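Visitor:
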Amino acid sequence: MEKIKKSIIFFTLLSLPFLTTAQIYNAQIEAKIALESKGEFMEITGFATNKTESNASLYYEFSVIKNNPNTSNISNNQQDGRFVLEPSQKSTLSKITINAEDKDRIIILLLIYDTNDNIVGKDRIVLNDLEGDELKENNNLIKETILEKNEISEDATHSGADGVFLKGLVVENTKTKPGRDFYRSYTQRYNNDNINGEKIVEINEAIALGNSTRIEVKVENDVIFQFILNPRSDYIEQMVDLAIKQTSIYFQQLRNNRNYVKKY
1 MEKIKKSIIF
11 FTLLSLPFLT
21 TAQIYNAQIE
31 AKIALESKGE
41 FMEITGFATN
51 KTESNASLYY
61 EFSVIKNNPN
71 TSNISNNQQD
81 GRFVLEPSQK
91 STLSKITINA
101 EDKDRIIILL
111 LIYDTNDNIV
121 GKDRIVLNDL
131 EGDELKENNN
141 LIKETILEKN
151 EISEDATHSG
161 ADGVFLKGLV
171 VENTKTKPGR
181 DFYRSYTQRY
191 NNDNINGEKI
201 VEINEAIALG
211 NSTRIEVKVE
221 NDVIFQFILN
231 PRSDYIEQMV
241 DLAIKQTSIY
251 FQQLRNNRNY
261 VKKY
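Numbering-wise (the numbering used here), the sequence shown opens with residue 1 and increments by one.
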């Protein structure tokens, strides 16, 4: 019965515009689809973000549905699975790669369910939904969006009066090989988790007691995480996990505060 219920909801969401009742979804658990150009291919990634202060046990369905307008053939590449999100955690759910030059109408749909099979998060993108010149303009717009995303701020008070700044940037000021190892691993996780913070993250290494050094993860003037560096690789990876979690919490709280101010 639950499978039938999910199927009805799934195909209804495929056929309807993705604007209705948007305020009901993504409030506590956010579903997000990201497109990234890889030359002749396009990588589609589904993300989930827990905006609450509690653990969430969830289930996702990530689908790429192709509809050939000439043959009416429909194919569905679907991935699904159960997962748990910690408070303020952002997680990569799945990745699907398609041909960037594909002219089929493509619907990308990400649904996230709670333990009662209620949809709590959803995102939907339609590619090649137009014809002729409009289709060409639509494809160009998609490519421009991928290339130009994150260049304009919602709030001009963040980096400059004109509101233009770089998002998702991590810079370093390290002095030792273990410090550089932490920076490289942190940056890789930061990008893989698509944190994409609105402010620049700095990884600084400073002299501590004795011959040791201290790593600081800073956002502007805020030190959001710090620790005494140990050269062991397993220790560094453990610190990367904690630092990434704290970074995700910091930027999520920043967005929540901004949304609260806007509503107020």
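The C-beta atom is built at its ideal place from N, Cα and C for all residues, glycine as well.
Just so you know, these numbers come straight off a predicted model, no measurement behind them.
Cα-Cα, which of K38, V120, N194, G46 is closest to N99?
Guide: Answer by Cα proximity: K38.
Visitor: Report yes or no: do three or more beta-carbon pairs, one from the segment 171–180 and one from the segment 196–203, lie closer than 8 Å?
Guide: Yes, the segment 171–180 touches the segment 196–203.
Visitor: Contact defined as beta carbons within less than 8 Å: I believe T247 pairs with I224. What is the distance between those atoms, to the nearest angstrom?
Guide: 6 Å between Cβ atoms; contact.
Visitor: How would you call Q252, buried or exposed, if buried means at least 16 neighbouring beta carbons within 10 angstroms?
Guide: Under this definition Q252 is a buried residue.
Visitor: In terms of residue numbering, what span does the beta strand (DSSP E) encompassing D123 cover?
Guide: From DSSP, the beta strand (DSSP E) with D123 extends over 119–127.
Visitor: So, is N50 buried or exposed, given that buried needs 16 or more other C-beta atoms within 10 angstroms?
Guide: When all chains shown are included, N50 counts as buried.
Visitor: Of the residues I74, A34, K66, which one's Cα is nearest the Cα of T92?
Guide: For T92, the nearest C-alpha among the options comes from A34.
Visitor: When the Cα of L58 is compared with those of T115, S212, L127, I74, which residue comes out closest?
Guide: Here the closest residue by C-alpha is T115.
Visitor: Among the candidates Y250, I119, I107, R214, whose CA atom is the shortest distance from the CA of N68?
Guide: The shortest Cα separation from N68 among Y250, I119, I107, R214 belongs to I107.
Visitor: By the 10 Å Cβ neighbour count, where 16 or more other Cβ atoms means buried, how is D241 classified, buried or exposed?
Guide: When all chains shown are included, D241 counts as exposed.
Visitor: Helix, strand or coil for G179 per DSSP?
Guide: G179 falls in the helix class under three-state DSSP.
Visitor: Assuming N26 and G121 make a contact with CB atoms under 8 Å, what is their CB distance in whole Å?
Guide: That belief holds up - the Cβ atoms of N26 and G121 are roughly 5 Å apart, short of 8 Å.
Visitor: Leaving aside the five residues before and after E53 along the sequence, list all residues of the same chain whose C-beta is less than 7 Å from its C-beta, in chain order.
Guide: Result list for E53: P87, in chain order.
Visitor: Do D181 and I236 have their beta-carbon atoms positioned less than 8 Å apart in this structure?
Guide: Taking 8 Å as the Cβ cut-off, I236 and D181 qualify as a contacting pair.
Visitor: Take E198 as the anchor and find which of N256, L209, K177 has the nearest alpha-carbon.
Guide: It is N256 whose Cα lies nearest to the Cα of E198.
Visitor: So, at 7 Å on beta carbons, what are the nonlocal neighbours of I275 in its own chain, with the 5 sequence-adjacent residues on each side left out?
Guide: As shown, the chain starts at 1 and ends at 264. That puts residue 275 outside it, with no answer to give.
Visitor: Can you tell me whether DSSP reads D102 as helix, strand or coil?
Guide: D102: coil per DSSP, three-state reduction.
Visitor: For the beta strand (DSSP E) that contains S37, what are its first and last residues?
Guide: Segment 29–38, the beta strand (DSSP E) holding S37.
Visitor: Indicate the three-state DSSP secondary structure (helix, strand or coil) for T52 in the structure shown.
Guide: Three-state DSSP puts T52 in coil, outside helix and strand.
Visitor: So the candidates are Y60, Q78, I119, E43; which of them puts its Cα closest to the Cα of N192?
Guide: Checking every option, the nearest Cα to that of N192 belongs to E43.
Visitor: Between the C-alpha atoms of L127 and K95, what's the straight-line distance to the nearest angstrom?
Guide: Cα-Cα distance, rounded: 17 Å.
Visitor: Taking only the alpha-carbon atoms, compute the straight-line gap between F62 and N118 and give it to the nearest angstrom.
Guide: Taking the straight line from one Cα to the other gives about 16 Å.
Visitor: Look up E253 in the DSSP assignment and say whether it is helix, strand or coil.
Guide: The identity of residue 253 in the sequence shown is Gln, whereas the question assumes Glu. Residue state, collapsed to three classes: helix.
Visitor: Let me know if L209 comes out buried or exposed under the rule of 16 or more other beta-carbons within 10 Å of its beta-carbon.
Guide: The residue is exposed, with fewer than 16 neighbouring Cβ atoms inside 10 Å.
Visitor: To the nearest angstrom, how far is it from the Cα of D162 to the Cα of I215?
Guide: Bear in mind that a pLDDT of 37 at D162, under 50, signals an unreliable position, so the model cannot answer this.
Visitor: Give me the Cβ distance between L110 and A31, rounded to the nearest whole Å; I'm assuming they're in contact under 8 Å.
Guide: About 5 Å separates the two Cβ atoms, so the contact holds.
Visitor: Note down the Cα distance separating I65 from E36, rounded to an integer number of angstroms.
Guide: Their Cα atoms are separated by approximately 18 Å.
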